[in-house]
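Participant:
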Amino acid sequence: MIETKNLTKNYGDLTAVDNLNLTIKAGDIFGFIGPNGAGKTTTMRILVTLLEPTRGQALVDGLDVCKQGKEVRKRVGYMPDFMGVYDDLKVFEYLEFFAAAFGIERSKRKSIVDGVLELTDLQSKQAATVDSLSRGMQQRLGLARVLIHDPKVLVLDEPASGLDPRARIEIRELLRELKRMGKTIMISSHILSELEEICDHVGIIEHGQLVFSGTIEEIRPRLGIHSKVRVRVATNQEKAVELLSALPQVNQVQALGDDIAVSFNEGQDGDGIIARTLVKADLDVISIQPERLKLDDAFLQLTKGIVH
Ligand SMILES: Nc1ncnc2c1ncn2[C@@H]1O[C@H](COP(=O)(O)OP(=O)(O)OP(=O)(O)O)[C@@H](O)[C@H]1O
Ligand SMILES: [Mg+2]
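Here it is, written out as structure tokens:
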């Protein structure tokens, strides 16, 4: 649905996007991750026809963003990283304004606006002024706005920035719903862990270059990251360490105070096997806690040293 071929954008001497080759399949949620200044916004603005590339090509739904801009714009909804706030405009007026701007007939506008308000759970706020909304609600309004012309592709520049954990979860749920509706979604973030649960694929960009592209699961072996579990037993920690060390799936076992840190071999996983082993040996298990894959650490490793 989205493809870039050697996409390059120079600002004077600075190469903001450097021979970028991206492919995003229809129906996927693609996480576009990179530190400040990596070139995420620049790439997104090219994809939504707001910026011309210096070299290379970008296609949306098979259409060239430079040559078929008008057609591309019908298919994409773009949520910029910074949205202007409109004083004294009510939520439904704001959405009706955009419906008009997208050329939607007057008679259809109300039902479309009602539909996006329902989807983004903003019905109760429709008569509130836009500038009175909380940041989380403003982000949802931004999403409501990009959905008005029912685009196939959503390009969302850091929609979760500045949101509290609850609002982040709400946005995530909304994105899942949009995926179920068949949308293709490209979403940027600085934080890999923020996107790990919803993305089918991620692309990591640094200095305008793609340093990794693949599924979250593919990042793990690439970085040699082992999944880890913390185990605590009531008594006989030594025995537990011995038993766990003997498991073929296990790479390393280490007693850390009351805890036992277990690291699995690549591609292996399983609190189940640990529980079964300890219970079979009649050891009293207090807790078995998986350590989440430290994606942010992975990200730092991946981008470390790629400084131009
Ligand atoms: N209009 C511009 N003129 C000159 N340089 C620019 C312009 N826009 C962006 N840049 C530069 O291009 C590089 C990429 O910027 P871009 O905004 O695409 O990064 P980003 O990944 O979106 O960063 P952030 O995470 O901070 O939003 C940066 O070095 C930035 O300073
Ligand atoms: Mg940006």
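Read left to right, the sequence shown gives residues 2 to 309 (my numbering).
A virtual CB, placed ideally from N, CA and C, is assigned to each residue, including glycine.
Everything numeric in this text was worked out from a predicted model, so none of it was measured.
Can you list, in chain order, the residues of its chain whose CB lies under 6 Å from that of Q255, leaving out five sequence neighbours each side?
Facilitator: Answer for Q255: A262, listed in chain order.
Participant: Would you mind giving the Cβ-Cβ distance between F33 and I206, rounded to the nearest angstrom? I have them listed as a contact below 8 Å.
Facilitator: That belief holds up - the Cβ atoms of F33 and I206 are roughly 7 Å apart, short of 8 Å.
Participant: So the candidates are L257, A235 and F265; which of them puts its Cα closest to the Cα of P249?
Facilitator: Closest by alpha carbon: F265.
Participant: Please report the Cβ distance between L164 and I188, rounded to the nearest whole angstrom; I am assuming they are in contact, meaning their Cβ atoms lie under 8 Å.
Facilitator: The Cβ separation is near 13 Å, so there is no contact.
Participant: What is the DSSP secondary structure of G215, reduced to helix, strand or coil?
Facilitator: G215 falls in the strand class under three-state DSSP.
Participant: Under a three-way DSSP split, which group does L248 fall into?
Facilitator: If DSSP states are grouped into helix, strand and coil, L248 belongs with coil.
Participant: May I ask which residues mark the beginning and end of the beta strand (DSSP E) holding Q58?
Facilitator: That run of the beta strand (DSSP E) goes R56 to V61.
Participant: Could you work out which residue in D88, G104, L51 and V154 is closest to I25 when comparing CA atoms only?
Facilitator: Checking every option, the nearest Cα to that of I25 belongs to V154.
Participant: Alpha carbon to alpha carbon, how far is Y87 from L134? Give it in angstroms, no decimals.
Facilitator: Going from the Cα of L134 to the Cα of Y87 covers about 11 Å.
Participant: Hey, how far is the Cα of T130 from the Cα of T44?
Facilitator: Between T130 and T44, the C-alpha separation is close to 32 Å.
Participant: Check whether the stretch 188 to 204 touches the stretch 97 to 113, counting contact only when three or more Cβ pairs, one atom from each stretch, lie closer than 8 Å.
Facilitator: Taking 8 Å as the limit for Cβ pairs, the verdict is that the stretch 97 to 113 does not touch the stretch 188 to 204.
Participant: With distances taken between CB atoms, is the gap from I3 to V61 smaller than 9 Å?
Facilitator: The answer is yes: Cβ separation under 9 Å.
Participant: L279: which of F213, V251, L244 and R177 sits nearest, CA to CA?
Facilitator: Looking at the Cα atoms, L244 is the closest of the given residues.
Participant: Thinking C-alpha only, which one of A128, R231, L175 and A102 is nearest D89?
Facilitator: Considering only alpha carbons, the answer is A128.
Participant: Under the assumption that K10 contacts N22 (Cβ atoms under 8 Å), give the Cβ distance between them as a whole number of angstroms.
Facilitator: That pair is no contact at about 14 Å.
Participant: Determine the extent of the beta strand (DSSP E) in which G78 is found, giving its start and end residues.
Facilitator: Counting along the chain, the beta strand (DSSP E) containing G78 begins and ends at V77 to M80.
Participant: Mapping DSSP to helix, strand and coil, what is Q290?
Facilitator: Correct three-state label for Q290: strand.
Participant: Per DSSP, what kind of secondary structure is G143 in: helix, strand or coil?
Facilitator: Three-state result, G143: helix.
Participant: Would you check if there are 3 or more beta carbon pairs closer than 8 Å linking the stretch 72 to 87 to the stretch 134 to 143?
Facilitator: Touching, yes.
Participant: Within 8 Å: the Cβ of A161 and any heavy atom of ligand 1?
Facilitator: Checking every heavy atom of ligand 1 against the Cβ of A161, none is found closer than 8 Å.
Participant: Using the Cβ count rule (16 or more neighbours within 10 Å means buried), how would you classify I47?
Facilitator: Per the 10 Å Cβ criterion, buried.
Participant: As a quick exercise: from D201, V203, I220 and D272, pick the residue whose alpha carbon is nearest that of R233.
Facilitator: Comparing Cα positions, the closest option is D272.
Participant: Leaving out the 5 sequence neighbours to the left and right, which residues in its chain are closer than 7 Å to D1 when beta-carbon positions are compared?
Facilitator: For residue 1 there is no data in the structure shown, the boundaries of the chain being 2 and 309.
Participant: In whole angstroms, what is the alpha-carbon distance linking I287 and A235?
Facilitator: If you take the alpha carbons of I287 and A235, they lie about 6 Å apart.
Participant: In terms of residue numbering, what span does the beta strand (DSSP E) encompassing A17 cover?
Facilitator: That run of the beta strand (DSSP E) goes L15 to I25.
Participant: Identify the continuous alpha helix (DSSP H) that holds A282 and give its terminal residues.
Facilitator: Element bounds for A282: n/a, residue is neither H nor E.
Participant: How long is the line joining the alpha carbons of K71 and D19, rounded to whole angstroms?
Facilitator: Whole-angstrom Cα-Cα distance: 26 Å.
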